[in-house]
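S.K.: Mind having a look at this structure? Questions to follow.
There are 4 protein chains.
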Amino acid sequence: MAINVTIWNEYRHEKLKQDVHELYPDGIHAFIKSFIESDDVKVTLAALDDPDNGLPDDVLNNTDVLIWWGHMAHAEVPDDLVERIRQRVYAGMGFMPIHSGHHSKPFKAILGTTGNLMWGRNQKAVLWNVAPSHPITEGIPSHFELVEEMYGEPFYIPKPDDLLFTTWYEDGNVFRGGCTFTRGLGKIFYFHPGHETCKSFYNEYVQRIINNGIRWCAPAKLDSSFNGECIHQTSPVVG
Amino acid sequence: MAINVTIWNEYRHEKLKQDVHELYPDGIHAFIKSFIESDDVKVTLAALDDPDNGLPDDVLNNTDVLIWWGHMAHAEVPDDLVERIRQRVYAGMGFMPIHSGHHSKPFKAILGTTGNLMWGRNQKAVLWNVAPSHPITEGIPSHFELVEEMYGEPFYIPKPDDLLFTTWYEDGNVFRGGCTFTRGLGKIFYFHPGHETCKSFYNEYVQRIINNGIRWCAPAKLDSSFNGECIHQTSPVVG
Amino acid sequence: MAINVTIWNEYRHEKLKQDVHELYPDGIHAFIKSFIESDDVKVTLAALDDPDNGLPDDVLNNTDVLIWWGHMAHAEVPDDLVERIRQRVYAGMGFMPIHSGHHSKPFKAILGTTGNLMWGRNQKAVLWNVAPSHPITEGIPSHFELVEEMYGEPFYIPKPDDLLFTTWYEDGNVFRGGCTFTRGLGKIFYFHPGHETCKSFYNEYVQRIINNGIRWCAPAKLDSSFNGECIHQTSPVVG
Amino acid sequence: MAINVTIWNEYRHEKLKQDVHELYPDGIHAFIKSFIESDDVKVTLAALDDPDNGLPDDVLNNTDVLIWWGHMAHAEVPDDLVERIRQRVYAGMGFMPIHSGHHSKPFKAILGTTGNLMWGRNQKAVLWNVAPSHPITEGIPSHFELVEEMYGEPFYIPKPDDLLFTTWYEDGNVFRGGCTFTRGLGKIFYFHPGHETCKSFYNEYVQRIINNGIRWCAPAKLDSSFNGECIHQTSPVVG
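So the sequence lines, in the order shown, correspond to chains A, B, C and D. Each residue of the first sequence is one higher than the last, beginning at 487 in our numbering. Each residue of the second sequence is one higher than the last, beginning at 487 in our numbering. Each residue of the third sequence is one higher than the last, beginning at 487 in our numbering. Each residue of the fourth sequence is one higher than the last, beginning at 487 in our numbering.
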């Protein structure tokens with residue numbers, strides 16, 4: 487059965503800056519769609535300035551994996567939308583915040599973190615695959631290069647379930663740049679490449695990692711005994 | 487140097503129910519104080535119905551470790567207080583939610599969780615120490631018994647940094663009843679005993695665990711290079 | 487492509503004890519084969535008393551996932567076979583020690599542990615699924631019952647990557663009875679049911695869990711840059 | 487009560503190479519002793535060419551924390567000594583392998599790993615403190631520089647309990663260079679600086695980290711109920 491992926495994009499930089507527009511003329515979300523859409527991945531596009539910020543109930547509640555790209559307008563995402571996303575993740579929806587999504591309201595609320603980190607200029611970066619057996623790193627070599635905005639330690643995140651990538655930067659920094667988490671029944675994969683003025687989304691390994699991530703984040707098939715409730719008193723399990 | 491512990495208690499059950507009043511005549515917070523106060527632990531008491539809910543800035547900002555007991559009035563804790571506590575924890579304050587604190591607003595916001603679980607009647611419980619080398623379990627035997635309200639799996643918490651106790655219940659349930667977490671610079675220890683109609687706080691091992699927990703949760707001595715900021719662009723580290 | 491599973495069984499109890507023989511007339515390994523063999527799982531049977539203890543190089547080196555059942559004859563497994571298994575796991579082979587495999591030489595050598603635990607009589611056991619989103623627990627309810635030999639805490643294992651099942655026992659014990667680990671490139675899943683005088687392998691959930699485990703433990707598809715070597719000096723990655 | 491630390495050193499490079507001899511004229515072990523000995527740390531020196539390889543039972547069995555430096559003569563460490571060390575760690579002794587200790591027999595046997603990694607020339611290294619709240623990083627800034635032999639990913643270690651330091655190298659590599667593990671009742675801290683031709687042991691932060699590590703690795707005070715045995719059948723815990 488196909489995975490329903492919704493790609494949410496702030497979609498502002500692409501309209502405001504010529505260099506970004508040239509890289510991603512239809513928006514970063516449309517570009518991501520171009521390399522993930524397939525027989526088993528159905529894609530919906532959503533943007534901040536769409537009605538209901540692109541995520542009315544009928545879209546959000548039918549999303550298996552939500553990819554999130556935001557940067558300059560984090561503050562404009564309404565709190566009640568954040569809460570609806572949070573509850574969806576805890577109920578099993580996958581969540582993939584990309585790049586500056588580390589500072590988005592959903593990331594901070596879902597994980598329990600400030601998302602703070604160090605940052606610097608665009609520069610040469612080497613991504614090291616430190617979990618070669620993980621499904622998300624399948625087919626990825628021990629390391630590969632990008633030119634990316636520097637995101638560096640200290641990165642104030644909860645300890646990841648799995649650390650997949652550690653990134654090296656020319657300026658002397660390192661970054662836990664690919665991390666998985668579980669919250670409630672939902673799986674979360676944070677991946678740092680994707681600055682609006684960089685070409686990382688054109689990189690074959692970045693594309694492969696995002697595709698692997700979608701499959702890993704897809705909701706588990708749960709037995710009905712997992713209902714997430716905390717309201718009824720339980721009867722004895724054994725007589 | 488002494489650790490400043492603030493014990494926050496909802497302090498309602500003790501006033502409303504005769505059996506609770508008899509167990510904890512001056513409140514659960516006052517009873518906890520009686521077994522933690524010492525030369526190196528200074529205690530402040532705080533209650534929901536105190537001015538500023540017991541946690542004005544001058545108290546909260548001078549707290550090293552915040553112990554939290556709440557149950558019937560979770561909803562009355564103001565959201566801005568929750569946010570102030572959250573920021574304090576991320577900046578290094580220790581946090582020890584006890585018993586039904588799993589469903590308190592601060593627990594859910596700080597960790598990123600619904601805190602949902604299964605629950606049942608008061609009954610025989612056996613707490614198994616599954617991390618005997620951890621500082622919080624120092625001096626605690628492999629197992630000990632309590633009579634406690636049943637809290638059981640599934641418990642929808644993020645994967646703990648360390649699982650310290652797993653509790654067995656007469657009715658057939660188990661519970662990850664003692665867990666540590668790190669969020670930002672702050673350390674968190676959740677411990678499940680302490681129902682208002684049970685005598686767990688009188689138990690010597692519960693007392694020892696809470697005392698060990700306070701020392702483990704106390705803020706680390708941090709170098710000034712950890713400022714938690716994410717607002718300035720960083721200069722290159724290497725030339 | 488099919489997964490090559492080798493089921494290694496000590497295969498002694500079944501020949502020595504009438505009650506075990508009746509439960510598993512062709513051996514525990516043959517019984518496991520009956521519920522895992524399928525279009526995508528090819529099975530080889532191996533036993534301690536076979537030539538080369540059932541695991542000559544041409545079998546071991548073509549095994550994707552090794553299931554291990556041993557109990558009374560741990561000491562008869564030759565050390566050089568243990569070392570060959572260890573190297574295969576570190577190079578990516580999956581390993582599934584079942585029940586008393588916690589005390590087998592391969593388990594202890596591969597993980598780095600004594601494998602010690604508490605044990606007791608056969609009794610009612612409730613297995614709680616504490617990681618409902620994990621691929622190995624797919625389709626498994628929040629809990630189910632078995633009659634099993636008691637294996638209890640303290641269980642002296644390294645902290646698991648993921649704790650999947652916690653088992654409750656009638657006699658007051660608990661056990662981290664389903665755990666995953668990674669060693670080198672290999673994935674390991676330990677699962678406690680399967681005593682020779684119990685009928686756990688007939689249970690539909692036990693069968694499902696073992697089938698899920700095989701798929702989870704199967705070797706990752708690795709890029710050739712992961713060669714596991716430590717002998718050549720590396721050239722600079724960046725110019 | 488004082489912590490008994492034994493510093494085991496291969497003690498060969500210092501005798502064979504003039505440049506190493508000049509840096510560490512009495513051996514690396516004697517140099518480490520000079521910055522850790524104190525009122526609460528008692529030090530014993532041990533070397534490969536000492537009788538019983540420096541670790542007869544009366545020394546090993548009275549050691550609280552064993553620091554290990556070995557490189558060119560790993561193969562000369564007898565297997566029965568490795569097994570004695572392994573059992574001591576599982577019974578609670580702390581273990582601190584330094585630098586090329588990642589490839590020592592005790593490291594590989596205790597943890598369950600090949601210890602393999604990438605390595606390269608001595609060069610500029612920046613150590614990033616990624617766990618600022620951990621007792622071992624107390625007083626350590628967000629980052630500091632060394633000149634060190636390059637040790638890089640992929641590093642084939644089990645997932646650490648805590649990742650404390652990630653190291654950046656001039657040549658484009660990164661390394662999980664400070665890691666903690668628990669095995670049985672023993673705590674293990676691996677730390678990568680300390681090549682024989684580098685001056686890392688003269689660095690104030692390296693000295694502080696080793697001193698913090700000793701205190702963190704010191705054996706826990708255990709209740710007698712933790713005896714590590716697996717030989718007696720257990721009586722029911724509850725009636």
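Glycine included, each C-beta is placed from N, C-alpha and C at the ideal position.
(1) Between Leu-650 of chain C and Ile-622 of chain C, is the Cβ-Cβ spacing less than 8 Å?
(2) Whose CA, out of A:Thr-492, A:Glu-523, A:His-589 and A:His-515, lies closest to the CA of Pro-542 of chain A?
(3) How is the alpha helix (DSSP H) around Pro-592 of chain A delimited, first residue to last?
(4) What is the rounded straight-line gap between the Cα of Asn-697 of chain C and the Cα of Pro-679 of chain A?
(5) Got a sec: which bits of the segment 586 to 611 of chain D sit with their beta carbon under 9 Å from any beta carbon on chain A, in order along the chain?
(6) How is the alpha helix (DSSP H) around His-557 of chain A delimited, first residue to last?
(7) What does Lys-649 of chain C touch in chain B if you count any residue whose Cβ is under 9 Å from its own?
(8) Taking only beta-carbon atoms, is Trp-554 of chain D less than 8 Å away from chain A?
(9) Going by the DSSP bridge assignment, what does Arg-694 of chain B pair with across the sheet?
(10) At the level of alpha carbons, what is the spacing between Met-558 of chain B and Glu-500 of chain C?
(11) Identify every residue that forms a DSSP beta bridge with Lys-528 of chain C.
(12) Whole angstroms are fine: how far does the CA of Gly-638 of chain D sit from the CA of Val-612 of chain D?
(13) Do three or more CB pairs link the segment 528 to 540 of chain B to the segment 703 to 714 of chain A at distances below 8 Å?
(14) DSSP state of Arg-669 of chain A, grouped into three classes?
(15) If you draw a straight line from the C-alpha of Ser-619 of chain C to the C-alpha of Thr-666 of chain A, how long is it?
(16) Considering just the uninterrupted stretch of the alpha helix (DSSP H) at His-515 of chain B, what are its terminal residues?
(17) Could you check if Ala-533 of chain D is buried or exposed, using at least 16 other CB atoms within 10 Å of its CB as the buried criterion?
(18) Out of C:Pro-564, C:Ala-577, C:Arg-607 and C:Asn-615, point me to the one whose CA is closest to Pro-592 of chain C's CA.
(19) Under 8 Å, with one C-beta from each stretch per pair, do the segment 500 to 511 of chain B and the segment 574 to 590 of chain B reach the 3-pair mark?
(20) In this structure, does DSSP put Asp-657 of chain D in helix, strand or coil?
(21) Is Thr-652 of chain C closer than 8 Å to Gly-670 of chain D when the C-beta atoms are compared?
(22) Taking just the CA atoms, how far does Tyr-497 of chain B sit from Gln-658 of chain D?
(23) Quick check on Glu-635 of chain D: does DSSP put it in helix, strand or coil?
(24) Taking the alpha helix (DSSP H) that Lys-501 of chain A belongs to, which residues open and close that run?
(25) Going by DSSP in three states, Ile-626 of chain C sits in which element: helix, strand or coil?
(26) Which residues in chain A have a C-beta closer than 7 Å to the C-beta of Pro-640 of chain B? List them in chain order.
(27) Who are the Cβ neighbours of Glu-631 of chain B in its own chain at under 8 Å, not counting the five residues just before and after it?
(28) Pick from C:Thr-668, C:Phe-677, C:Asn-713 and C:Tyr-655: whose alpha carbon is nearest that of Thr-720 of chain D?
(29) Cys-684 of chain B and Asn-608 of chain B look like a contact to me (Cβ under 8 Å); what is the Cβ gap, rounded to whole Å?
(30) Among the candidates D:Pro-644, D:Ile-522, D:Asp-544 and D:Ile-584, whose CA atom is the shortest distance from the CA of Glu-690 of chain D?
(31) How long is the line joining the alpha carbons of Gly-725 of chain A and Asn-615 of chain C, rounded to whole angstroms?
(32) Shorter than 8 Å from the beta carbon of Pro-621 of chain B to some beta carbon of chain C?
(33) Answer yes or no: does any C-beta atom of chain B fall closer than 8 Å to that of Thr-683 of chain C?
(34) Pick from A:Ala-617, A:Lys-594 and A:His-588: whose alpha carbon is nearest that of Met-604 of chain A?
(35) Quick check on Val-612 of chain A: does DSSP put it in helix, strand or coil?
(36) Can you round the beta-carbon distance between Pro-705 of chain C and Asp-550 of chain C to whole angstroms, since I take them to be within the 8 Å contact cut?
M.R.: The answer reads as follows:
(1) The count along the third sequence starts at 1 and reaches residue 650 of chain C at position 164. The count along the third sequence starts at 1 and reaches residue 622 of chain C at position 136. For Leu-650 of chain C and Ile-622 of chain C, yes; Cβs fall inside 8 Å.
(2) Stepping through the first sequence from its first residue, residue 542 of chain A is reached at position 56. Checked all of A:Thr-492, A:Glu-523, A:His-589 and A:His-515; the closest Cα to Pro-542 of chain A is A:Thr-492.
(3) Residue numbering aside, residue 592 of chain A sits at position 106 when the first sequence is read from its first letter. Residues 591 to 597.
(4) Numbered from its first residue, the third sequence carries residue 697 of chain C at position 211. Numbered from its first residue, the first sequence carries residue 679 of chain A at position 193. Their backbone Cα atoms lie some 36 Å apart in a straight line.
(5) Met-604 and Lys-610
(6) As a working mapping, residue 557 of chain A is identified with position 71 in the first sequence. Here His-557 of chain A belongs to no alpha helix (DSSP H), and DSSP marks it neither H nor E.
(7) For the purposes of this step, residue 649 of chain C is taken as residue 163 along the third sequence, with counting starting at 1. According to the sequence provided, residue 649 of chain C is Leu. The question's Lys does not apply to it. Those are Lys-645, Leu-649 and Arg-662, listed as they occur along chain B.
(8) Taking the first residue of the fourth sequence as position 1, residue 554 of chain D is located at position 68. No, its Cβ sits nowhere closer than 8 Å to a Cβ of chain A.
(9) If you number the second sequence from 1, residue 694 of chain B lands on position 208. Looking at the DSSP assignment, Arg-694 of chain B forms no beta bridge with any residue, so it has no partner.
(10) One-based indexing of the second sequence puts residue 558 of chain B at position 72. One-based indexing of the third sequence puts residue 500 of chain C at position 14. Looking at the two C-alpha atoms, the distance is approximately 57 Å.
(11) The residue labelled residue 528 of chain C in the question sits at position 42 within the third sequence. Its beta-bridge partners are C:Asn-490.
(12) Here residue 612 of chain D refers to the residue found at position 126 of the fourth sequence. Here residue 638 of chain D refers to the residue found at position 152 of the fourth sequence. So the alpha carbons of these two residues sit roughly 13 Å apart.
(13) no
(14) Counted from its first residue, the first sequence places residue 669 of chain A at position 183. Arg-669 of chain A falls in the strand class under three-state DSSP.
(15) Locating residue 619 of chain C in the third sequence gives position 133, where the first residue counts as 1. Locating residue 666 of chain A in the first sequence gives position 180, where the first residue counts as 1. Spanning the two alpha carbons is a distance of roughly 13 Å.
(16) On the second sequence, position 29 is the one that residue 515 of chain B refers to. It spans 514 to 522 - the alpha helix (DSSP H) in which His-515 of chain B sits, taken as one unbroken run.
(17) Taking the first residue of the fourth sequence as position 1, residue 533 of chain D is located at position 47. So Ala-533 of chain D counts as buried.
(18) Along the third sequence, one-based indexing puts residue 592 of chain C at 106. Minimum Cα distance to Pro-592 of chain C is reached at C:Pro-564.
(19) no
(20) Residue numbering aside, residue 657 of chain D sits at position 171 when the fourth sequence is read from its first letter. Reduced to three states, the DSSP call for Asp-657 of chain D is coil.
(21) Looking up residue 670 of chain D in the fourth sequence gives position 184. Looking up residue 652 of chain C in the third sequence gives position 166. No. Outside cutoff.
(22) Here residue 658 of chain D corresponds to residue number 172 of the fourth sequence, with the count starting at 1. Here residue 497 of chain B corresponds to residue number 11 of the second sequence, with the count starting at 1. Here residue 658 of chain D is Gly; the residue named in the question, Gln, does not match the sequence. Their backbone Cα atoms lie some 57 Å apart in a straight line.
(23) Locating residue 635 of chain D in the fourth sequence gives position 149, counting from the first residue. Here Glu-635 of chain D sits in strand by DSSP.
(24) If you number the first sequence from 1, residue 501 of chain A lands on position 15. Here the alpha helix (DSSP H) through Lys-501 of chain A covers 499 to 502.
(25) Here residue 626 of chain C is taken as the residue at index 140 of the third sequence, counted from 1. Correct three-state label for Ile-626 of chain C: coil.
(26) What you label residue 640 of chain B is simply residue 154 of the second sequence in a count that begins at 1. Those are Phe-712, listed as they occur along chain A.
(27) To locate residue 631 of chain B, count along the second sequence from 1; it is residue 145. Around Glu-631 of chain B: Lys-610, Ala-611, Val-612 and Leu-613.
(28) Walking along the fourth sequence from the start, residue 720 of chain D turns up at place 234. The residue with the shortest Cα to Cα distance from Thr-720 of chain D is C:Tyr-655.
(29) As a first step, residue 684 of chain B must be located in the second sequence, where it is residue number 198. As a first step, residue 608 of chain B must be located in the second sequence, where it is residue number 122. So it is a contact: roughly 6 Å between Cβ atoms.
(30) Translated into positions along the fourth sequence, residue 690 of chain D becomes position 204. Minimum Cα distance to Glu-690 of chain D is reached at D:Ile-522.
(31) One-based indexing of the first sequence puts residue 725 of chain A at position 239. One-based indexing of the third sequence puts residue 615 of chain C at position 129. Distance between the alpha carbons of Gly-725 of chain A and Asn-615 of chain C: 20 Å.
(32) Within the second sequence, numbered from 1, the residue matching residue 621 of chain B stands at position 135. Not closer than 8 Å to any Cβ of chain C, the Cβ of Pro-621 of chain B fails to qualify, so no.
(33) Numbered from its first residue, the third sequence carries residue 683 of chain C at position 197. No, Thr-683 of chain C lies away from the interface with chain B (no Cβ there is under 8 Å from its Cβ).
(34) Residue numbering aside, residue 604 of chain A sits at position 118 when the first sequence is read from its first letter. The candidate whose alpha carbon is nearest that of Met-604 of chain A is A:His-588.
(35) Against the first sequence, residue 612 of chain A aligns to sequence position 126. DSSP places Val-612 of chain A in strand when its eight states are reduced to three.
(36) Your numbering for residue 705 of chain C matches position 219 in the third sequence. Your numbering for residue 550 of chain C matches position 64 in the third sequence. Confirmed, Cβ separation roughly 6 Å.
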